[in-house]
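In short: position in the sequence shown from 1, add 1071, done, that's the numbering used here.
A virtual CB, placed ideally from N, CA and C, is assigned to each residue, including glycine.
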Amino acid sequence: MDPNYMKTALELALKAKGRTSPNPMVGTCIVKNGTIVGSGYHQKAGGPHAEVHALREAGEKAAGAELYVTLEPCSHTGRTPPCTEAVIRAGIKKVYIAVLDPNPLVSGKGAEKLKAAGIEVHTGILEDEARQLNEVFFKYIRTKTPFIAVKTAISLDGKIADATGESKWITSEAARLHGHELRDTYDAILVGIGTVSADNPSLTCRLPGGRGRDPVRIIVDSRLSIDEKAQVLHQTSPAPTIIATTAQAPPDKIKRIKKLARLMIINDGPRVELPTLLKRLGEMEITGILVEGGARINGSFLRQDLIDKYYFYIAPKIIGSNKAPGPFNTDAAIPLDQVPELTTLEIARLEKDFLVTGYPLRKEG
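Written as structure tokens, this is what we have:
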């Protein structure tokens, strides 16, 4: 077993980042006599899985070879036939699996089917890397609710705007480009009505050369106060705009907005219940959401412990005003011994800015 082959499989899987939802990213390489004879990755939901691409490339050379795959081969029929059958038919001798399928209904069954066919199976090779690769899928497949990432740009003293509300631009062009790369990989982007009213954003993916894929645009607007001329309601984009509101929205405004966007009445009010909204979005197979809201919507996600990952873009600027907003407004104060703590921090340089990513440390029990 050579972990470098699994690294190659992980790199292959990343080629389809943001393109496989609601499926995971998966990469495979087939090795015979120390040479890769076949490789592939899952390119889109409904298309052939990584193992099928690799086996087609390997052809007859697959017989007696070793297969490295980033996620346990499926043993059930979904959008495509089970990969375990293809692996068995090809005469693969050994299979190395980075991580088992997180779906509790199928986890381990693919590996057991391969073993029953006489194939030697090994698991856990670069498992941590494989889990992080598909962190969105792992959360979604277990809970049927989306993975929630919050992205915010702040000054060194933790402000997202100056005292007048001006926020363009705190960070550098490199940081903003990275933000659009995130939009390209998450299924949806979510903001509150405050952000729409203040900034009139388009909420599209604008990468150089016209690259990128627009995420679904989600606006949380409890009283349906959105301006009917707002950019998000008039985008030429294959991605829809969803307005999440409550039964307190004016009936006449509901009729007009339905002609411009998809309207979801989540609950009676007075505010949109975020857990209910996320459940509804999960039913639509939206697996990951990038929250780019202001202090209030960010604070609502924070207060309700709904955030799975944080992206902080930190600019070397000091705004200073005590009237300048921070990234999270939770209304009520959180006691210091109960405030969220981040773990698994990573720090990267983006021109003059820093990007800090981390995950909330959730205590057991």
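Check your understanding: Which word fits residue 1077, buried or exposed, when buried means at least 16 other C-beta atoms lie within 10 angstroms of its C-beta?
Key -> buried
Exercise for review: Could you check what DSSP says for residue 1335 in three-state terms: helix, strand or coil?
Suggested key: strand
Exercise for review: Answer with buried or exposed for residue 1293, where buried requires no fewer than 16 other C-beta atoms within 10 angstroms of its C-beta.
Suggested key: buried
Practice item. May I have the straight-line CA-CA distance separating residue 1111 from residue 1123, to the nearest angstrom? Key: 8 Å
**Study point:** Range of the contiguous beta strand (DSSP E) that encloses residue 1129
**Key:** Here residue 1129 belongs to no beta strand (DSSP E); instead the alpha helix (DSSP H) covers 1121-1129.
Check your understanding: Who pairs with residue 1384 in a beta bridge, going by DSSP?
Key -> 1224, 1426
Point to revise | First through last residue of the alpha helix (DSSP H) which encompasses residue 1265 | key: 1264-1270
Check your understanding: Could you give the uninterrupted runs of the beta strand (DSSP E) lying entirely in the stretch 1282-1359, keeping only those of 3 residues or more?
Key -> 1287-1291, 1312-1317, 1333-1338
Point to revise | Contact set for residue 1400: own chain, Cβ-Cβ below 7 Å, skip 5 residues either direction | key: 1366, 1367, 1370
Review point. Assuming residue 1139 contacts residue 1192 under a Cβ cut-off of 8 Å, what Cβ separation, rounded to an integer in Å, is found between them?
Key: About 12 Å; that fails the 8 Å criterion.
Review point. How is residue 1254 classed by DSSP in three states: helix, strand or coil?
Key: helix
Practice item. Have a look at residue 1313 and residue 1335 and give me their C-alpha separation to the nearest angstrom. Key: 7 Å
**Study point:** Own chain, CB closer than 6 Å to residue 1201, minus 5 neighbours either side, in chain order
**Key:** 1141, 1169, 1170
Exercise for review: Give the single residue among 1252, 1299, 1282 whose Cα lies nearest to the Cα of residue 1264.
Suggested key: 1299
Point to revise | Closest by C-alpha distance to residue 1392, when choosing among 1099, 1100, 1243, 1229 | key: 1229
Point to revise | Within 7 Å, strictly: CB atoms of residue 1428 and residue 1382 | key: yes
**Study point:** Strand pairing of residue 1112, partner residues [DSSP]
**Key:** 1098
Point to revise | Cβ contact check for the stretch 1081-1100 and the stretch 1216-1236: 3 or more pairs under 8 Å | key: no
Review point. For residue 1436, which residues of its own chain have a beta-carbon under 6 Å away from its beta-carbon, when the five flanking residues on both sides are left out?
Key: At residue 1436 the pLDDT is 38, less than 50, meaning the model places this residue with poor confidence; the figure from the coordinates comes in the next sentence. Result list for residue 1436: empty, nothing under 6 Å.
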